[in-house]
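Chains as they are written, first to last, in our numbering: chain A, 1 to 557; chain B, 558 to 1114. Beta carbons: idealized from backbone N, C-alpha and C, even for Gly.
Number of protein chains: 2
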Amino acid sequence: MEHLTDIEIAQKTTLIHIKDIASKLKIDEDDLELYGKFKAKLPLDLIDEKKVSLNNLVLVTAITPTPAGEGKTTVSIGLTEGLNKIGEQATVVLREPSLGPVFGIKGGAAGGGYSQVVPMEDINLHFTGDFNAIEKANNLLSALVDNNLQASDNLNIDPRSIFWKRVIDMNDRSLRNITIGLGGTANGVPREDGFNITPASEVMAILCMTSGFEDLKKRLGDIFIGFTFDKKPVFARDLKAENAMTILLKDAIKPNLVQTLEKNPAIIHGGPFANIAQGTNTILATKMGLSLSKYVVTEAGFGADLGAEKFLNIICAASGLSPKAVVLVATIRALRHHGGAATDALNKPDVGLVAKGFANLEKHIENIRKFNIQPVVAINSFINDSIEEVKLVIEGCEKLGVKAVVSNGWTNGGEGCKDLAFAVKKVVEEDRSQFKPLYDWKSPVKEKIEKIAREIYGASGVNYDKKAELNLRRIDRLGFNNFAICMAKTQKSFSDDEALRGRPENFVVTVREIEIAAGAGFIIPILGKMMRMPGLPAHPASENMSIDENGVISGLS
Amino acid sequence: MEHLTDIEIAQKTTLIHIKDIASKLKIDEDDLELYGKFKAKLPLDLIDEKKVSLNNLVLVTAITPTPAGEGKTTVSIGLTEGLNKIGEQATVVLREPSLGPVFGIKGGAAGGGYSQVVPMEDINLHFTGDFNAIEKANNLLSALVDNNLQASDNLNIDPRSIFWKRVIDMNDRSLRNITIGLGGTANGVPREDGFNITPASEVMAILCMTSGFEDLKKRLGDIFIGFTFDKKPVFARDLKAENAMTILLKDAIKPNLVQTLEKNPAIIHGGPFANIAQGTNTILATKMGLSLSKYVVTEAGFGADLGAEKFLNIICAASGLSPKAVVLVATIRALRHHGGAATDALNKPDVGLVAKGFANLEKHIENIRKFNIQPVVAINSFINDSIEEVKLVIEGCEKLGVKAVVSNGWTNGGEGCKDLAFAVKKVVEEDRSQFKPLYDWKSPVKEKIEKIAREIYGASGVNYDKKAELNLRRIDRLGFNNFAICMAKTQKSFSDDEALRGRPENFVVTVREIEIAAGAGFIIPILGKMMRMPGLPAHPASENMSIDENGVISGLS
């Protein structure tokens, strides 16, 4: 087979009009808000809570990933194609990619190979403008904060106490640490500030948590900005910001409909960071999918210790969503890594290393079962996988009572994911899952953190740095003890030390500080240095992109 | 008549589907790129240069304005309604409003009263994402510049020499002067920087000048960024930025179709600042309008000494466009102001002051005729205008051989602009205009500047500050002498002293510095302090906006 890049595969595909995708979901054409011929926004009144509870949600997550990632998006899309191929109506519901990394190293994030969502150029660029709207809402609040410092009848905000940062959807390290308001009295009040990348905005986290306009407005008003000089907390509502911010999000709140390469429905909406936020698409999009489709396949960022844990304890607990199955994506390459393979030997078959690395997968399987959900393991196939290695994983899972199947979505689309689809269908139809969260939001904060650390990470305990202890007292003072816990930890290990591969034991994790996302409704224990603004490489991907006189793009991968 | 706000009038109007507007222009539905039901992008291949030259372009400009503005947009929309009412197929082609001011004092910019373009909320908010795309293209170049400073095999750019600024479509004074790249070696190279508002971006100026993808790419590559440590000029093409920037603009380059309150076509595209840029919509939008419509009514920012001068000498000279008539908008209130009325007496009828202030209008009429174009004066009607004042203006114009008519678009829409439409039609049909530019781009820079200052402003001479002289030498060294001149001067006076009302004489203007917009193809003599980033008032408009649970907005004016 000729080797094509992702964009070449996408451009070779003949897309069908989005109204024909919509008609598969029985959406009236008049309900569609078209964005060209291949994208549409869906009105919120298509959400039907009864159908949400009757239809079947499948969560795709992964083992502890290598830097290349385990291919969750590709598996999610492939599984959706596969379900449709075996006669089960399915929609994939995913996050929107961030624009910044497209011009850096990573490239796009709309699946890969023969498991993609299209039009990939649009999805990877401005799409329907959601990220821009989020950015503007975030930065309007920033402008209002700084404008208030400047006004004579101000709120007495202490500029040194402001947590709220500006955002931009660009990889731009030079904006991480800046000083603003320079140039004299006409030009603002000088203070330290910085830009995060747009997916790290709390507005993004809020949009992904919200249930509708009224709730959105309330959450935006609840954003915690900082303190006055006399130590009173300041919220966005104190600046009367929440209505204008909601106005900026009036279209961004609506989920986006596109299609897969095999012309099945895909809903793509929201894209919060998986490190300091929940790392999954909007609740509204998942509910939209479940209102329109027998199966919804969705995905959570990073490994299951982060993405799935947060999806289940935060998203499901807040929304009432309840997955009928969890797909754990593993690659043989990552299992070699967890078995101790050297970085330059990751593509070399080695049954011994895979056997050793299997402990990582085993722990993730145990974890999913703690939520009373039955996992299915998808071995995302690579050319260097040996038959023996794959056999070892399948048999190892079998011993644990878990079905493991090879997934070939990247090379074969839905045809390559039929086995996975059958396995998922079986778990769903046998009704083997009855989701329960790991902790009660009303438990004490330390108890909630400890539960996640001990039961999911396998830690023997939790340490708190002095700053974290101070943060806990602030959270208590502000009355935020009942918030959900959104852990911020490296995705490279179960522990907070990324060097510890496999299934580490006898380790303690350290909470360095705890941030507050009062609008999103969670607090964020930080267990390591979290990147909120990536940089560009010395030679960014942008250098190799081109566009011809007809607007046809190449070099966007 | 019940008094309604602009948004209430707009929301009371039943819009027709944009495909029905398109069919009035004989655009095939399949050619439309819909953005919902009421907005669409138009493909560039609908532009037909033959029709562009056969159909009739009408430019709307104004006398020297008061801070409230003379209502050019309202007259442009009203005139378009009027032309359609008298049986002449007409399209209005306008700039897109900037988002920043919507939350400040100014509010929206989609016309007013019964002369508006709709859906006004969308047009005043993110619209079809053009401003966002421009912002991202601008800021990608910034990120590439700062990334290059950081890279080991860099271009040796002197960080102190970088002219290129970041932009954000927000009124945010605290971003005017900032320092970036703080926080140590991993976080960029420290330097001074600042954000302008997005309409001030050269990318915006370029988009409005461009003729298509290839030209856009070339212009973006030609952007002048700064110097290396050994004084060599650095352009965007040296960073291989032009393809990625063009990719970000792949949809923004396409003009947007909407409708007027009376369901006539409106094309809205681009919105560069009128002070440091050309202040008029894209050339592509104007040509699109002329390809589809017998009449196109377009508008240029500020008074005719700025907007019309630049439209004629820059836009028309570059594109071959040639207006068949110019409408000069005047208000009785502004004529009182130019006659010397106190600020608190502007709404008080006073024939004597109007007679004195008429000199301002007279000079603008003379100026338009220097381009060999016949003007029509539109007296944009206000409730406090007295019959005597209006009569004086009409008779004064008559003596100059110019038709002046009262325009009532704000209160009466097209019905209120039929007289104006007949007057414009008469000028066009009598074929009284044969446009010629005021200067040849190939003349020496000082000669071009002097010509504008003496002939349009009525100055007796031009002074150059030392900085401007140095800038001229740089322009010469870089080979940019043949660029057009984009004057940056106060709109409040013919002179560079905003206190001089009416028709000042015996004054000298001073060029303080001269900037380069090498991609746009013009140099910008700066005759005063130019605002590129507005601030918010102590109580911004955002405080009074609201949105209900169905997404219906109020308080957006």
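In terms of CA proximity to residue 958(B), 934(B) leads the group 934(B), 976(B), 964(B), 610(B).
By the Cβ neighbour-count rule, residue 67(A) is exposed, with fewer than 16 other Cβ atoms within 10 Å of its own.
Taking C-alpha positions only, residue 511(A) is separated from residue 459(A) by approximately 13 angstroms. With contacts defined as CB atoms closer than 9 angstroms, residue 357(A) and residue 181(A) fail to qualify as a contacting pair. None of the residues of the stretch 388-413 of chain A has a beta carbon lying less than 8 angstroms from any beta carbon of chain B. The DSSP-derived three-state label of residue 116(A) is strand. In chain order, 287, 290, 291 place their CB closer than 7 angstroms to the CB of residue 52(A), counting only its own chain and leaving out the 5 sequence neighbours on each side.
Close partners of residue 737(B) in chain A (Cβ separation under 7 angstroms): 174, 175, 178. Comparing C-alpha distances from residue 203(A) to each of 228(A), 139(A), 311(A) shows the shortest one belongs to 139(A).
Residue 853(B) is classed as buried because its beta carbon has at least 16 other beta carbons within 10 Å across all chains shown.
Taken through DSSP and simplified to helix, strand or coil, residue 912(B) comes out as helix. Shown here for residue 734(B): same chain residues with a beta carbon closer than 6 angstroms to its own, the five before and five after excluded, namely 751 in chain order. Interface annotation, residue 189(A): in contact with chain B, CB-CB separation under 9 angstroms. Within the same chain, 445, 446, 464, 514 come within 8 angstroms of residue 472(A) by CB-CB distance, once the 5 residues on both sides are set aside.
Classified as exposed, residue 477(A) has fewer than 16 neighbouring CB atoms from the shown chains inside 10 Å of its CB. Between residue 173(A) and residue 533(A), the C-beta gap is smaller than 9 angstroms, which places the two residues in contact. Cβ-Cβ distances below 6 angstroms link residue 1005(B) to 996, 1042 in the same chain, with the five nearest sequence neighbours on each side left out; the list follows chain order.
Within the stretch 950-1025 of chain B, the complete alpha helix (DSSP H) runs of at least 4 residues fall at 966-969, 975-986, 1002-1008. Scanning its chain for C-beta atoms nearer than 7 angstroms, with the 5 sequence neighbours on each side dropped, one finds around residue 381(A) the residues 406, 407, 408, in chain order. With a cutoff of 9 angstroms on beta-carbon distance, residue 273(A) and residue 197(A) are scored as near each other.
Residues of chain A whose Cβ lies closer than 8 angstroms to the Cβ of residue 1099(B) are, in chain order, 140, 144, 240, 241, 243, 244. About 5 angstroms separates the CB atoms of residue 1045(B) and residue 1083(B); that is less than 8 angstroms, so the two are in contact. Between the alpha carbons of residue 435(A) and residue 294(A) lies a gap of roughly 18 angstroms. At least one CB of chain A lies nearer than 9 angstroms to the CB of residue 1103(B). With contacts defined as CB atoms closer than 9 angstroms, residue 170(A) and residue 6(A) fail to qualify as a contacting pair.
Residue-level contact by beta carbon holds for residue 693(B) and chain A, with a gap shorter than 9 angstroms. At a cut-off of 9 angstroms between beta carbons, residue 707(B) contacts chain A.
Counting of Cβ neighbours within 10 angstroms places residue 383(A) among the exposed residues, the total staying below 16. Proximity of chain A to residue 1110(B) at the Cβ level (cut-off 8 angstroms) is accounted for by 247, 250, in chain order. Judged by beta-carbon spacing, residue 129(A) lies beyond the 9 angstroms limit of residue 598(B), meaning their Cβ atoms are not closer than that value. For residue 889(B), the enclosing alpha helix (DSSP H) starts and ends at 889-895.
For the set 282(A), 549(A), 50(A), the Cα lying nearest the Cα of residue 212(A) is the one of 282(A). Bounds of the alpha helix (DSSP H) holding residue 639(B) are 629-642. Per DSSP, residue 260(A) lies in no alpha helix (DSSP H); the unbroken beta strand (DSSP E) holding it starts and ends at 256-260. Counting only Cβ-Cβ distances below 8 angstroms, residue 1106(B) has contacts in chain A at 212, 213, 214, in chain order. When Cβ-Cβ separations below 9 angstroms define contact, residue 581(B) makes no contact with chain A.
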